[in-house]
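S.K.:
Number of protein chains: 2
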Amino acid sequence: MHLIARRLREQGFYAEIVPYSLLRREDLEDTSVKAIVLSGGPPSVYAPGAPRVPDWILELGKPVLGICYGFHLLAEMLGGKVDQGCREYGRTIVRVLDTGDPLFKGWGAEEQTWMSHGDCVREVPPGAKLLAVSENGYVAAFRKQHGDTLVYGVQFHPEVSHTPKGRQLLANFAKLAGAEPWWRPENLIDSIVSDLRSRIRDGRVLVAVSGGVDSTVTAVLLQRAIGERLLAVLVDHGFFREGEVEETVKILESAGIKPLVIDAREEFFEAIRGVSDPEEKRKRIGEMFARIFKRIVEENHDIKYLAQGTLYPDVIESGAAPGADRIKSHHNVGGLPSWLGLEVVEPLREFYKDEVRRLALALGLPRKLAFRHPFPGPGLAVRVIGEVTKEKLEIARKASKIVEDELRKAGLYERVWQAFAVVGDDRWVGVKGDRREEGHIVIVRVVESDDGMTADWTRIPYDVLDRISRRITSEVPGVTMVAYAVTTKPPATIEPQ
Amino acid sequence: MHLIARRLREQGFYAEIVPYSLLRREDLEDTSVKAIVLSGGPPSVYAPGAPRVPDWILELGKPVLGICYGFHLLAEMLGGKVDQGCREYGRTIVRVLDTGDPLFKGWGAEEQTWMSHGDCVREVPPGAKLLAVSENGYVAAFRKQHGDTLVYGVQFHPEVSHTPKGRQLLANFAKLAGAEPWWRPENLIDSIVSDLRSRIRDGRVLVAVSGGVDSTVTAVLLQRAIGERLLAVLVDHGFFREGEVEETVKILESAGIKPLVIDAREEFFEAIRGVSDPEEKRKRIGEMFARIFKRIVEENHDIKYLAQGTLYPDVIESGAAPGADRIKSHHNVGGLPSWLGLEVVEPLREFYKDEVRRLALALGLPRKLAFRHPFPGPGLAVRVIGEVTKEKLEIARKASKIVEDELRKAGLYERVWQAFAVVGDDRWVGVKGDRREEGHIVIVRVVESDDGMTADWTRIPYDVLDRISRRITSEVPGVTMVAYAVTTKPPATIEPQ
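Line by line, the protein sequences give chains A and B.
Read in order, the letters of the first sequence are residues 1 to 497 in UniProt numbering.
Read in order, the letters of the second sequence are residues 1 to 497 in UniProt numbering.
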């Protein structure tokens, strides 16, 4: 869903996500809306409670494209036949029957796609044209003119990279619907800054900076808007990566921001002493943050606003995942409690991560910051399994530094989503100079991901892995074994806790 | 050291190892001894206590070959100049100056070798001929006729596989010394059996079988020698791999042996309940074995002998490593205490592991048994880090089965030394069907080794690793993360405990 929107935005076509339950006819009738995409979803249109869209979707005269589940749904709404038990999964060749159709502009007669479905469209709707079939003989795409509305459906996922020409198909759809590729996040900087300036007339704005790209860009945008009235606070919880605090201060200062650095390393360490349970650990760290910011707000009566680096996916997810179980209590440094009594400002709430990176570069921030990997709010504390001790913290810090160094040297750092080292309490017997030593096990995790929601482990070259392992066991005291995490998300999460 | 002997034996040239401190002139004057190899050793001939050999070594009229340290030692004994601080490590090209020399038969003018030294020979001894130089300009080989004795020295290691023509160089040396390639372990079966028969006149022989190739071959040789007077005991400690007990019984039965199977699973489990320390775990398991065998011996007064599957390296190491710290208390199922009062029979004490595998095939044992990976005496108990619980034992068992299965499918099983799964107490947060689950971390270990003394982790194809990870997380309950061990031995050991 986010991937579809991002693929369109990357190509300049602005896209927004609307949960099916919040669709309103008057919103979609707005002339700024050029076309509608129905995304993939649950396994079957026959599943109990499977989402439906109102019939008026097909009466707006705006092109509609259904993908996977959306394709089944459209087929069914238009009188076609959807059937169960015709599963396809993974890379699948699709034969395009009408390469002249504008949706398939640039496609050859046979192209690779990515499939992931259990149901299929057994019969296209009456009057529809079959546009493509899969190598397994299933309907892969159809088109139907329904009154004023042009309806397309595709069984495969054009938004994933395993469908090499999928990006182009999405652009084809946007173009045939008359959409213009006007979207460039960089062009919005001036209007964001002037919006912030006109909204924040008086009082100061508090922003918690963490060294990450989101909070830094938030701070810099505010600095441009309100200058000295910004109070950027960097809480040093002691769980940062090597040199991260110093580097963050330097970057902020060069952007004209003088952050207030609060050294709370001992307090945080004490707060989680003896705590092994990951949820409890996150909770206590969150409480410490809240206490510190409460104190700041109490001591500075002129603070009226709290700025947060909330991104578009967070905005959508906070409202759109009513049934989902809690996976991790999401700790965002900026996610401060409402009882602080401040008005919340979120200048990045319409952007995706890659768009924020573009903003960072456009704002003149260093490339290293713009492409810094996401880092959890509780920092290394959640990359230490079990109780956080100074020894384990030091192992996680030094080993993570080695992982990052070696990936940079190999030119891989910017190509992966996250890369770090984890340490726990399990030990492996080693030999150092003929002497027995029970040392820690360090687990190295390097993943690729589009949005952090799912992730694959990176197939980094074995010689890079070997170098990482040799450096960690020889440079980090107390480590005898390095292991490389080879499980995707799901079933594992990216971070250990 | 063992590698040199094995490389010679593989090519039919029988070789024995003698610690330098046990060299006796009368032994080496025996006409069956054709030549002498001085192996690698400590970093420097100048190190305090560095081993020396007596001067009469060079007066026997039998060719002598020095390798690395042995090369430095010979150079120094013959009046050459050895220098410090001229380190070479890893793959190194060597230029052979006299390709007509019989030692270098089959070598081209430039060949790859493996170096690992800190000292070097700065000047060859007076009257010696320089035979080869390394790409770094150091002496790589020399020859000297010293009275009746022909002396060769090479800086590189011909015994390792990274010196592709090293095997041939060793055979060249044996041939020029007049040695015959008569050694074939398979040919010795009849004489081993008749030796055992003549030695064991009356009374019964107790052998502890474990399902491994060593104890099985020991039992089968004894069965051929003394038939019904063999008592093979299989103690089921509950830490065996999936189906291993049943399979072992089947194999023994088909060789005419009816083993006594003792189900001691509950006793062993109770014996190590609550024990996390690896040494303590091994000790208690060893004690349980001793107690069980003591009972058997007490109840069967006609047992006079204890047969053990001791191999040649164990024989050498037990006497030849006086200064080395204890790495692991080596638990061998057959390593029963002397107070059992039995005479010890060790029919495999002159063989290397690969030779025992050849014996197994020659004895008609299944290939799967002959090439079974080494398995520790305490079994899965030392592949569970921390306290052994039934849950963790089950995880280690099921996950190891998957590792072995997938390696067999990929045709890799016989090409690696050991392959297994380890589980500890550290946990990784996972998501299973939108639900949070803190699951175990399984570490997969696959290593290549010539003798278990050093080992490299195997670069198994990433798609095999991916399949292993997917199967373990989906088929083994309670596992959310699989990691692949990427540390060599040293600094890690092969097994975790």
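Cβ coordinates follow ideal geometry from the N, Cα and C atoms, glycine included.
Bear in mind that the values here come from a model prediction, so they are computed numbers and not experimental data.
1) How big is the Cα-Cα spacing for residue 484(B) and residue 491(B)?
2) Is it buried or exposed, residue 31(B), if we count other Cβ atoms within 10 angstroms and call 16 or more buried?
3) Please report the straight-line C-alpha distance between residue 415(A) and residue 234(A), rounded to a whole angstrom.
4) Determine the direct distance from the alpha carbon of residue 213(A) to that of residue 261(A), and round the result to whole angstroms.
5) Hey, does residue 432(B) have any beta-carbon neighbour from chain A nearer than 7 Å?
6) Any C-beta of chain A sitting closer than 7 Å to the C-beta of residue 272(B)?
7) Following the continuous alpha helix (DSSP H) through residue 482(A), name the residue where it begins and the one where it ends.
8) Output yes if chain B places a C-beta closer than 7 Å to the C-beta of residue 417(A); else output no.
9) Please report the straight-line C-alpha distance between residue 406(A) and residue 392(A), rounded to a whole angstrom.
10) Along the chain, where does the beta strand (DSSP E) that runs through residue 418(B) open and close?
11) Using 10 angstroms around the beta-carbon of residue 159(A), count the other beta-carbons present and answer buried if the total reaches 16, otherwise exposed.
12) For residue 482(A) versus residue 472(A), is the C-beta distance shorter than 7 Å?
13) Closer than 7 Å, CB to CB, is residue 473(A) near chain B or not?
14) Note down the Cα distance separating residue 489(A) from residue 224(A), rounded to an integer number of angstroms.
15) Run through the DSSP bridge pairs and tell me what residue 142(B) is partnered with.
16) Taking the C-alpha atoms as reference points, what is the distance between residue 285(B) and residue 404(A)?
17) Measuring alpha carbon to alpha carbon, tell me which of 359(A), 63(A), 172(A) and 162(A) ends up nearest residue 191(A).
18) May I ask you to report which of helix, strand or coil DSSP gives residue 168(A)?
19) Taking only beta-carbon atoms, is residue 331(A) less than 7 Å away from chain B?
20) Residue 253(B) and residue 362(B) - do their beta-carbons sit closer together than 7 Å?
21) If you measure beta-carbon to beta-carbon, which residues of the segment 272 to 301 of chain B are closer than 7 Å to chain A?
22) Which full runs of the beta strand (DSSP E) of 3+ residues lie inside the segment 435 to 479 of chain B, going along the chain?
23) On the DSSP bridge list, what partners appear for residue 262(B)?
24) Please state the DSSP three-state secondary structure of residue 210(A).
25) Can you give me the Cβ contacts of residue 206(B) inside the same chain, cut-off strictly under 6 Å, excluding the 5 residues immediately before and after it?
26) Near residue 229(B), what residues of its chain come up, given a Cβ to Cβ distance below 6 Å and the 5 sequence neighbours on each side ignored?
27) Measure the C-alpha to C-alpha separation of residue 373(B) and residue 417(B) and round it to an integer number of angstroms.
28) Give me whichever residues DSSP pairs with residue 81(B) in a beta bridge.
29) So if DSSP puts residue 489(A) in a beta bridge, which residue, or which two residues, is it bridged to?
30) For a quick check, are the C-beta atoms of residue 460(A) and residue 446(A) less than 7 Å apart?
31) At 8 Å on the CB atoms, spell out the chain A contacts of residue 89(B), in chain order.
32) Using a 10 Å radius around the Cβ and a threshold of 16 neighbouring Cβ atoms, would you call residue 272(B) buried or exposed?
33) The beta strand (DSSP E) spanning residue 45(B) covers which residue range?
34) If we define contact as Cβ-Cβ less than 7 Å, is residue 352(A) a contact residue for chain B?
35) In terms of alpha-carbon separation, which member of 440(A), 112(A) and 134(A) lies closest to residue 120(A)?
36) Looking only at DSSP bridge pairs, what is residue 307(B) linked to?
M.R.: The structure says:
1) As a first step, residue 484(B) must be located in the second sequence, where it is residue number 484. As a first step, residue 491(B) must be located in the second sequence, where it is residue number 491. Cα to Cα, residue 484(B) sits roughly 16 Å from residue 491(B).
2) Counted from its first residue, the second sequence places residue 31(B) at position 31. By the neighbour-count rule (16 or more Cβ atoms within 10 Å), residue 31(B) is not buried but exposed.
3) Working through the first sequence from its first residue, we reach residue 415(A) at position 415. Working through the first sequence from its first residue, we reach residue 234(A) at position 234. Going from the Cα of residue 415(A) to the Cα of residue 234(A) covers about 28 Å.
4) Walking along the first sequence from the start, residue 261(A) turns up at place 261. Walking along the first sequence from the start, residue 213(A) turns up at place 213. Between residue 261(A) and residue 213(A), the C-alpha separation is close to 18 Å.
5) Taking the first residue of the second sequence as 1, we reach residue 432(B) at position 432. Yes, residue 432(B) lies at the interface with chain A (some Cβ there is under 7 Å from its Cβ).
6) Looking up residue 272(B) in the second sequence gives position 272. Output row for residue 272(B): interface = no.
7) Against the first sequence, residue 482(A) aligns to sequence position 482. Run containing residue 482(A): none in the alpha helix (DSSP H); it sits in the beta strand (DSSP E), 479 to 485.
8) The residue labelled residue 417(A) in the question sits at position 417 within the first sequence. Residue contact check for residue 417(A) against chain B: no CB pair falls below 7 Å.
9) The residue labelled residue 406(A) in the question sits at position 406 within the first sequence. The residue labelled residue 392(A) in the question sits at position 392 within the first sequence. Cα-Cα distance, rounded: 21 Å.
10) Taking the first residue of the second sequence as 1, we reach residue 418(B) at position 418. For residue 418(B), the enclosing beta strand (DSSP E) has its first and last residue at 418 to 432.
11) As a first step, residue 159(A) is located in the first sequence; it is residue number 159 there, counting from the start. By the neighbour-count rule (16 or more Cβ atoms within 10 Å), residue 159(A) is buried.
12) Working through the first sequence from its first residue, we reach residue 482(A) at position 482. Working through the first sequence from its first residue, we reach residue 472(A) at position 472. In contact: residue 482(A) and residue 472(A) (Cβ atoms closer than 7 Å).
13) Here residue 473(A) is taken as the residue at index 473 of the first sequence, counted from 1. At a cut-off of 7 Å between beta-carbon atoms, residue 473(A) makes contact with chain B.
14) Reading the first sequence from its first residue, position 489 is the one you call residue 489(A). Reading the first sequence from its first residue, position 224 is the one you call residue 224(A). Approximately 39 Å between the Cα atoms of the pair.
15) Numbered from its first residue, the second sequence carries residue 142(B) at position 142. Paired residues: 130(B) and 153(B).
16) Translated into the one-based positions of the second sequence, residue 285(B) becomes position 285. Translated into the one-based positions of the first sequence, residue 404(A) becomes position 404. Distance between the alpha carbons of residue 285(B) and residue 404(A) is about 43 Å.
17) Numbered from its first residue, the first sequence carries residue 191(A) at position 191. Among 359(A), 63(A), 172(A) and 162(A), the Cα nearest to that of residue 191(A) is on 359(A).
18) Numbered from its first residue, the first sequence carries residue 168(A) at position 168. Three-state result, residue 168(A): helix.
19) Working through the first sequence from its first residue, we reach residue 331(A) at position 331. For residue 331(A), the pLDDT reaches just 37, beneath the cut-off of 50, and the residue's location in the model is therefore unreliable, although a value from the coordinates is still provided. No, residue 331(A) does not count as interfacial toward chain B.
20) Counting from one through the second sequence, the residue named residue 362(B) turns up at place 362. Counting from one through the second sequence, the residue named residue 253(B) turns up at place 253. In this structure, residue 253(B) does not lie closer than 7 Å to residue 362(B) by Cβ.
21) 278
22) Every beta strand (DSSP E) of 3 residues or more that sits fully in the segment 435 to 479 of chain B is shown, in chain order, as 435 to 448.
23) Looking up residue 262(B) in the second sequence gives position 262. Beta-bridge pairing links residue 262(B) to 235(B).
24) On the first sequence, residue 210(A) is found 210 positions in, with the first residue counted as 1. Coil.
25) Your numbering for residue 206(B) matches position 206 in the second sequence. Cβ within range, chain order: 231, 303 and 306.
26) For the purposes of this step, residue 229(B) is taken as residue 229 along the second sequence, with counting starting at 1. Listed in chain order, the non-local C-beta contacts of residue 229(B) below 6 Å within the same chain comprise 204, local neighbours out to five positions each way being set aside.
27) Position 373 of the second sequence, counted from the first residue, corresponds to residue 373(B). Position 417 of the second sequence, counted from the first residue, corresponds to residue 417(B). One C-alpha to the other measures close to 6 Å.
28) Numbered from 1 along the second sequence, position 81 holds the residue referred to as residue 81(B). In DSSP, residue 81(B) forms a bridge with 123(B).
29) Here residue 489(A) refers to the residue found at position 489 when the first sequence is read from its first residue. Residue 489(A) is bridged to 455(A).
30) Start at 1 with the first residue of the first sequence, and residue 460(A) comes out as number 460. Start at 1 with the first residue of the first sequence, and residue 446(A) comes out as number 446. At a Cβ-Cβ threshold of 7 Å, residue 460(A) and residue 446(A) count as neighbours.
31) Counted from its first residue, the second sequence places residue 89(B) at position 89. Going along chain A, no residue has its Cβ under 8 Å from residue 89(B), so there is no contact; the nearest lies around 13 Å.
32) On the second sequence, residue 272(B) is found 272 positions in, with the first residue counted as 1. Under this definition residue 272(B) is a buried residue.
33) In the second sequence, residue 45(B) corresponds to position 45, counting from 1. It is not in any beta strand (DSSP E) - residue 45(B) carries neither H nor E in the DSSP assignment.
34) If you number the first sequence from 1, residue 352(A) lands on position 352. Judged by the 7 Å Cβ criterion, residue 352(A) is not in contact with chain B.
35) Working through the first sequence from its first residue, we reach residue 120(A) at position 120. Nearest of 440(A), 112(A) and 134(A) to residue 120(A), Cα basis: 134(A).
36) Along the second sequence, read from residue 1 onward, the residue named residue 307(B) stands at position 307. Bridge partners of residue 307(B): 207(B) and 345(B).
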